[in-house]
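A.B. asks: Dumping the structure here so I can ask a few things about it.
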Amino acid sequence: MSRRKLIVCGVAGTAGAIFGSWALSADDKPQWYQPATVSAKTERQRKRPLPPRSEQVKALQAGHTYDVLIIGGGATGAGCALDSVTRGLRTACVEADDFASGTSSRSTKLIHGGVRYLQKAILHLDYDQYKMVKEALHERANMLEVAPHLTRPLPILLPVYKWWQVPYYWFGIKMYDLVAGDRNLKSSYYLSKKNTLELFPMLKSDNLCGGIVYYDGQQDDARMNLAIALTAARHGATIANHVKVLQLHKTAGKLSGARLRDEMTGKEWDIKAKCIINATGPFTDSIRKMDDSSIKEICCPSSGVHIVLPGYYSPEHMGLLDPSTSDGRVIFFLPWLKGTIAGTTDLPCEVTHNPKPTEDEILFILTEVKNYLNPDVEVRRGDVLSAWSGIRPLVSDPNKPDTQSLARNHIVHVSNSGLVTVAGGKWTTYRAMAAETIDAAIESANLKPLYKECQTDGFLIEGAHGWTPTMYIRLVQDFGLEMEAAQHLAKSYGDRAFAVAKMASMTGKRWPIIGKKIHPEFPYIDAEIRYGVREYACTAVDMIARRLRLAFLNVQAAAEALPGIVDIMAEELKWSDAEKQKQMKQAADFLANEMGQMVNRASRDKIPINLNKDEIQTYIKRFQIIDKDRKGFVSINDIRRSLKSMGVKPSNEEISAILSEIDVTYHGQLELQDYLQMMSAIKSGHVAYSRFARMAEMEEAHHEKESLKKQITVERSGGGL
Numbered sequence: 106m107s108r109r110k111l112i113v114c115g116v117a118g119t120a121g122a123i124f125g126s127w128a129l130s131a132d133d134k135p136q137w138y139q140p141a142t143v144s145a146k147t148e149r150q151r152k153r154p155l156p157p158r159s160e161q162v163k164a165l166q167a168g169h170t171y172d173v174l175i176i177g178g179g180a181t182g183a184g185c186a187l188d189s190v191t192r193g194l195r196t197a198c199v200e201a202d203d204f205a206s207g208t209s210s211r212s213t214k215l216i217h218g219g220v221r222y223l224q225k226a227i228l229h230l231d232y233d234q235y236k237m238v239k240e241a242l243h244e245r246a247n248m249l250e251v252a253p254h255l256t257r258p259l260p261i262l263l264p265v266y267k268w269w270q271v272p273y274y275w276f277g278i279k280m281y282d283l284v285a286g287d288r289n290l291k292s293s294y295y296l297s298k299k300n301t302l303e304l305f306p307m308l309k310s311d312n313l314c315g316g317i318v319y320y321d322g323q324q325d326d327a328r329m330n331l332a333i334a335l336t337a338a339r340h341g342a343t344i345a346n347h348v349k350v351l352q353l354h355k356t357a358g359k360l361s362g363a364r365l366r367d368e369m370t371g372k373e374w375d376i377k378a379k380c381i382i383n384a385t386g387p388f389t390d391s392i393r394k395m396d397d398s399s400i401k402e403i404c405c406p407s408s409g410v411h412i413v414l415p416g417y418y419s420p421e422h423m424g425l426l427d428p429s430t431s432d433g434r435v436i437f438f439l440p441w442l443k444g445t446i447a448g449t450t451d452l453p454c455e456v457t458h459n460p461k462p463t464e465d466e467i468l469f470i471l472t473e474v475k476n477y478l479n480p481d482v483e484v485r486r487g488d489v490l491s492a493w494s495g496i497r498p499l500v501s502d503p504n505k506p507d508t509q510s511l512a513r514n515h516i517v518h519v520s521n522s523g524l525v526t527v528a529g530g531k532w533t534t535y536r537a538m539a540a541e542t543i544d545a546a547i548e549s550a551n552l553k554p555l556y557k558e559c560q561t562d563g564f565l566i567e568g569a570h571g572w573t574p575t576m577y578i579r580l581v582q583d584f585g586l587e588m589e590a591a592q593h594l595a596k597s598y599g600d601r602a603f604a605v606a607k608m609a610s611m612t613g614k615r616w617p618i619i620g621k622k623i624h625p626e627f628p629y630i631d632a633e634i635r636y637g638v639r640e641y642a643c644t645a646v647d648m649i650a651r652r653l654r655l656a657f658l659n660v661q662a663a664a665e666a667l668p669g670i671v672d673i674m675a676e677e678l679k680w681s682d683a684e685k686q687k688q689m690k691q692a693a694d695f696l697a698n699e700m701g702q703m704v705n706r707a708s709r710d711k712i713p714i715n716l717n718k719d720e721i722q723t724y725i726k727r728f729q730i731i732d733k734d735r736k737g738f739v740s741i742n743d744i745r746r747s748l749k750s751m752g753v754k755p756s757n758e759e760i761s762a763i764l765s766e767i768d769v770t771y772h773g774q775l776e777l778q779d780y781l782q783m784m785s786a787i788k789s790g791h792v793a794y795s796r797f798a799r800m801a802e803m804e805e806a807h808h809e810k811e812s813l814k815k816q817i818t819v820e821r822s823g824g825g826l
């Protein structure tokens, strides 16, 4: 054993010496750069703490010459940074906004090979499509392996409503399994109608023949993107969010650096780099035009909208695929973080930093969802908890003379000045895209990496090394965390969950001992805000959208939790009162525009209120009486108490029927606008349930009776005088 250790140490020492000689000859100031000197794909850099953002920015400003400067901190950009640094290249990665702030946080959350691409490959005997699916299935398995805390296999049901489709779909899905080979997650299988409805009880049963279940992966996309970036940072990459590229510099016609600006401070500086990589997704053309203003645009942006519905719309552990919507596209219906994601749309759009979902796109998704759910599941517009739009960067290939047709997969292009552009592709294949990009960078700039081959296949990312499926139990037992909070921390942070738990505040309760929730309906705790700052969160939007996923899950809950989140961030980042107000406004605007809050509100306000001025004033007073705690809304219990005071004791079913009459948002809570619309509907006779009308009439009669009593009392008092 001692002899084996001696040999291993000798080899490691030799490799270190070789690398040290290379580093000294490569730069006149080598001391600033200390890359990883190991090639073991699963070894964690325990001795290298995560540098704070301030140190990362200082390193960018220090005048060093990097081998590679990557523009863009999405999935592809972060993947390029990890691939580059693990090959031993001196790597910098800058992102104008936040990691995953664009398309990478607005995906369907699937890790998939592409069932429909395989269908096209078989029907058209298209080998390129087949290779694309084969590559994606390999990458799917790799993502589940290297980030088990952030990913999971997810069974997806394909309901069949025509008998002839059963063998057709079964054959296609079995081919999907076959192409995956030994990287297949689990085998697909056929379900009878009875078993299909047992597993997916909310499915429409009319004409249902059965279902076919296949497996793909699911992830928390923004957390995955961040984990990749943090892994790159721990291995020596200089990464910084909120740092924008203003200009590209050239020397003798070749790119040699860029002008950067820290968006947090406004400070500008120049950085030197031997190779520059453009990994900016929808903004690909803007960077390409910095390099050459005369080039033709290659990006064809497409808007993909998703909505989040309450969790009861789908089983917790099974998704649904609608293979043919009314306009021929595919829609997924998936459980995610206790909610249900439905989407996506596909419409041409303009490139923007602030894409917004539209009412038409939301209604289209709801309509398609209704087609597959049974009549007991009333799909209501008010059940949309959050909605967002992501820009899908479809591209034409500049490497080919005919650039009219869109590339089916990603493209890697090297300009005459040496700008390496990677564009297109999908989340699942980010690692393969990064590997191809770094290969092109090494060749075009004649770089000298320590390892010529890609090192990231099987390379564990941040949080994966010590994670186990039962790790959350230790968090409960060792720290006194609530079980739901412990499960959430383990799934979001992996083995870093213990570092998060150590920062949690005492609750002052018998149980849980630590972990104050930032919103009562979600497992997020105060420690995550403080830890999120160490994960480079600089703004309130960074926190609510990408460190926590609250904005994506429930826009109203995010708005309610926002003041507390800003207070904790202010403590950590030393914000002034003015800065706190600025952050509150920016986050409120983000929720209103990009997360669907404004669209949700507008859809509710479209319902006409057919009440005169006096009636409106009367109902406002009644609403205020019911809302005795002045919460700004009334709940089911408030309505029950109000009716009980009138001698009416409705059952839970009757209360549910009352609330189902209007488009109620926020888990059965009625704001004043809802209440007025409800009373207007009763007056207009638009309410279908007679028991609802009877209760409303009883309430009306009760108030008239009380008014009459007061009038009689006044008259008697007057007569007595």
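In this note's numbering, the protein residues as written are 106 to 826. Glycine included, C-beta positions come from ideal geometry on N, C-alpha and C.
If you draw a straight line from the alpha carbon of Gln352 to that of Gly523, how long is it in whole angstroms?
C.D. replies: Rounded to whole angstroms, Gln352 to Gly523 spans 15 Å at the Cα level.
A.B. asks: Quick one: give me the first and last residue of the alpha helix (DSSP H) that Ile634 is part of.
C.D. replies: Run containing Ile634: 631–639, per the alpha helix (DSSP H) assignment.
A.B. asks: For the alpha helix (DSSP H) containing Tyr274, list its first residue and its last residue.
C.D. replies: Note, Tyr274: alpha helix (DSSP H), 270–285.
A.B. asks: What's the gap between the Cα of Thr573 and the Cα of His254?
C.D. replies: Cα to Cα, Thr573 sits roughly 8 Å from His254.
A.B. asks: My parser needs the beta strand (DSSP E) runs of 3 or more residues fully inside the region 421–498; what are they?
C.D. replies: Entirely contained in the region 421–498, the beta strand (DSSP E) runs reaching 3 residues are, in chain order, 424–427, 436–441, 444–448.
A.B. asks: Would the region 397–410 count as touching the region 533–541 if we require 3 or more Cβ pairs under 8 Å?
C.D. replies: No, because fewer than three Cβ pairs between the region 397–410 and the region 533–541 fall closer than 8 Å, the two stretches do not touch.
A.B. asks: Going by C-alpha distance, which of Ile543, Gly568, Gly362 is nearest Glu558?
C.D. replies: Of the candidates Ile543, Gly568, Gly362, the one whose C-alpha sits nearest the C-alpha of Glu558 is Ile543.
A.B. asks: Taking its Cβ as the centre, do 16 or more other Cβ atoms sit within 10 Å of Tyr477, making it buried, or is it exposed?
C.D. replies: Buried, since its Cβ has 16 or more Cβ neighbours within 10 Å.
A.B. asks: Please report the distance separating the alpha-carbon of Pro260 from that of Tyr294.
C.D. replies: Rounded to whole angstroms, Pro260 to Tyr294 spans 10 Å at the Cα level.
A.B. asks: Please report the distance separating the alpha-carbon of Phe657 from that of Ala183.
C.D. replies: Approximately 22 Å between the Cα atoms of the pair.
A.B. asks: Quick check on DSSP: helix, strand or coil for Gln722?
C.D. replies: In this structure, Gln722 counts as helix in the three-state DSSP scheme.
A.B. asks: Please state whether DSSP places Trp616 in a helix, a strand or coil.
C.D. replies: Three-state result, Trp616: coil.
A.B. asks: Can you tell me whether Asp734 is helix, strand or coil according to DSSP?
C.D. replies: Coil at Asp734, not helix or strand.
A.B. asks: Are the CB atoms of Ser597 and Arg195 nearer to each other than 8 Å?
C.D. replies: Contact flag unset, no.
A.B. asks: So Ile828 is in the alpha helix (DSSP H); what residue range does that whole segment cover?
C.D. replies: Missing from the structure shown is residue 828; the chain here goes from 106 to 826 and no further.
A.B. asks: Residues in the same chain with beta-carbon distance under 8 Å from Gly448, minus the five sequence neighbours each way, listed in chain order, please.
C.D. replies: Same-chain partners within the cutoff: Thr213, Gly409, Val410, His411, Ile412, Ile436, Phe437, Ile470.
A.B. asks: Report the partner residues of Arg221 according to the DSSP bridge assignment.
C.D. replies: Looking at the DSSP assignment, Arg221 forms no beta bridge with any residue, so it has no partner.
A.B. asks: Give the DSSP-derived three-state secondary structure of Gly599 in the structure shown.
C.D. replies: In this structure, Gly599 counts as helix in the three-state DSSP scheme.
A.B. asks: How is Ala645 classed by DSSP in three states: helix, strand or coil?
C.D. replies: Helix at Ala645.
A.B. asks: Beta strand (DSSP E) containing Ser408: first to last residue?
C.D. replies: Element bounds for Ser408: 404–415.
A.B. asks: Residues in its own chain within less than 8 Å of Ala180 by CB, not counting five upstream and five downstream?
C.D. replies: Cβ within range, chain order: Ala205, Ser209, Asp326, Met329, Asn330, Ile333, Trp532, Tyr535.
A.B. asks: With distance defined between alpha-carbon atoms, name the residue in Thr612, Met784, Lys239, Asp732 nearest to Leu283.
C.D. replies: Checked all of Thr612, Met784, Lys239, Asp732; the closest Cα to Leu283 is Lys239.
A.B. asks: On a Cα-Cα basis, can you pick out the residue from Ala246, Ile630, Glu303 that is closest to Leu53?
C.D. replies: This structure gives no information on residue 53, because the portion of the chain shown stretches from 106 to 826.
A.B. asks: Output the distance between the C-alpha atoms of Phe728 and Leu777, rounded to the nearest integer angstrom.
C.D. replies: Spanning the two alpha carbons is a distance of roughly 7 Å.
A.B. asks: Tell me which residue opens and which closes the alpha helix (DSSP H) that Ala378 is part of.
C.D. replies: Ala378 -> not in any alpha helix (DSSP H); beta strand (DSSP E) instead, spanning 373–383.
A.B. asks: Can you tell which of Lys726, Val456, Gly316 has the C-alpha that lies nearest to the C-alpha of Val271?
C.D. replies: The shortest C-alpha separation from Val271 is found at Gly316.
A.B. asks: Checking contacts by CB at 8 Å: is Thr575 closer than that to chain B?
C.D. replies: Among the protein chains of the structure shown there is no chain B, as only one such chain exists.
A.B. asks: Find the nearest neighbour of Val190 within the set Ala342, Lys607, Lys359, judged by alpha-carbon distance.
C.D. replies: With distances taken between Cα atoms, Val190 lies closest to Ala342.
A.B. asks: Ordered along the chain, which non-local residues of its own chain (more than five positions away) have a Cβ less than 7 Å from that of Ala546?
C.D. replies: Only Val173, Cys380, Ile382, Val525, Leu552 meet the Cβ criterion.
A.B. asks: So, Ala201 versus Glu368, is the Cβ gap smaller than 8 Å?
C.D. replies: Yes. Within cutoff.
A.B. asks: With a Cβ-Cβ cutoff of 8 Å, do Leu678 and Ile721 count as a contact?
C.D. replies: No, these two residues do not count as a Cβ contact at 8 Å.
A.B. asks: Who are the Cβ neighbours of Arg591 in its own chain at under 7 Å, not counting the five residues just before and after it?
C.D. replies: The question names Arg, but residue 591 in the sequence shown is Ala. So the list reads Tyr577, Leu580, Val581, once near-sequence residues are dropped.
A.B. asks: List the endpoints of the continuous beta strand (DSSP E) containing Asp172.
C.D. replies: Where Asp172 is concerned, the enclosing beta strand (DSSP E) stretches over 170–176.
A.B. asks: Whether or not the region 679–689 and the region 370–378 are in contact is what I'm after, with contact meaning three or more pairs of Cβ atoms, one per stretch, closer than 8 Å; do they touch?
C.D. replies: Touching, no.
A.B. asks: With DSSP run on the structure shown, which of helix, strand or coil describes Gly207?
C.D. replies: Of the three classes helix, strand and coil, the one that applies to Gly207 here is coil, per DSSP.
A.B. asks: When you compare only the Cα positions, how much space is there between Thr69 and Thr445?
C.D. replies: Absent from the model: residue 69. The displayed extent of the chain is 106 to 826, so no value can be given.
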